[in-house]
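Notes follow the structure.
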Amino acid sequence: MTLYEKIPLPNGLTLEIWDASRKIAEDTTKVEMVARIEVVFRPEHFLQEEHFAKTVSTLGPSDFYEYRKERTFVRNEDREAVFRELLGSFKEDVLPYLRRDDFPGRFSRSRHRYIEQHWYRFLPPQEDTDDE
23 MTLYEKIPLP NGLTLEIWDA SRKIAEDTTK VEMVARIEVV FRPEHFLQEE
73 HFAKTVSTLG PSDFYEYRKE RTFVRNEDRE AVFRELLGSF KEDVLPYLRR
123 DDFPGRFSRS RHRYIEQHWY RFLPPQEDTD DE
C-alpha cells in the first residue's frame with residue numbers, strides 16, 4: 023500500500039488515504055482505495071466509565087476506522103482515473119460524516135457495542151485438555 027494523501031479533519035483526527043491497487047493480470051489492475059483514521063479512545067467518548075475501561079482493556083488505547091472502495095479488472099491505462107473516481111465519491115459521500123465533531127465518540131461507542139455483541143471473539147484460546 024502506498025500513502026496517497028493525509029487530510030487533517032476539524033475534529034482533530036487525521037484521515038489517511040492509501041492506494042492498495044495491484045496488478046491482477048498483464049493488462050488489468052484491481053484498483054483499491056483505503057481510507058483509515060486512528061481513533062484514540064477517551065473516557066468522554068463513552069456513556070459509562072466501565073465501557074471505556076472494557077474497550078481499552080480489550081482493544082488497546084485506540085482502533086482504526088477503515089473504509090475500502092475497489093474496482094476489479096480495470097485496464098492499466100485507466101488505473102489512475104478510476105482511483106481518483108473512487109476517492110472523489112468517498113470524499114463526497116463519506117468524508118462529511120468523518121469530519122463531524124461527534125465522529126470519534128460515535129466510533130468509540132460502536133467499538134464497545136461490537137465487544138459486547140461479539141464477546142466470544144475476545145476470549146483467550148483454549149488449551150487442549152486431552153486426558154489420556
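Here our numbering is used: the first residue of the sequence shown is 23, the next is one more, and so on. Glycine included, every Cβ here is placed at the ideal spot set by N, Cα and C. Computed from a predicted model, the values in this text were never measured in an experiment.
Assigned secondary structure, residue i (DSSP; H/G/I helix, E/B strand, else coil)
{"i": "Glu-138", "result": "helix"}
{"i": "Arg-122", "result": "coil"}
{"i": "Pro-147", "result": "coil"}
{"i": "Arg-133", "result": "helix"}
{"i": "Glu-60", "result": "strand"}
{"i": "Leu-193", "result": "For the chain, the structure presents residues 23 to 154; residue 193 sits outside this window and is missing."}
Contact set for residue i: own chain, Cβ-Cβ below 7 Å, skip 5 residues either direction
{"i": "Arg-133", "result": "Thr-77, Leu-81 and Asp-85"}
{"i": "Leu-120", "result": "Leu-31, Leu-37 and Ile-59"}
8 Å contact criterion, which residue i and residue j should meet: CB distance rounded
{"i": "Ala-61", "j": "Ser-130", "result": "The residue you asked about is not Ala; residue 61 is Val in the sequence shown. Sure, about 6 Å apart at Cβ, within 8 Å."}
{"i": "Thr-50", "j": "Arg-97", "result": "6 Å"}
Where the alpha helix (DSSP H) containing residue i begins and where it ends
{"i": "Ala-103", "result": "101–115"}
Span of the beta strand (DSSP E) around residue i
{"i": "Leu-25", "result": "24–30"}
{"i": "Phe-68", "result": "Looking at the DSSP string, Phe-68 is not in any beta strand (DSSP E), and its letter there is neither H nor E."}
{"i": "Asp-85", "result": "84–97"}
Residue burial classification, residue i (beta-carbon count within 10 angstroms, cutoff 16)
{"i": "Leu-25", "result": "exposed"}
{"i": "Asp-41", "result": "buried"}
{"i": "Ala-103", "result": "exposed"}
{"i": "Met-23", "result": "exposed"}
Neighbourhood of residue i by C-beta, 8 Å cutoff - its chain only, sequence neighbours within 5 removed
{"i": "Ile-46", "result": "Lys-52, Thr-94 and Phe-95"}
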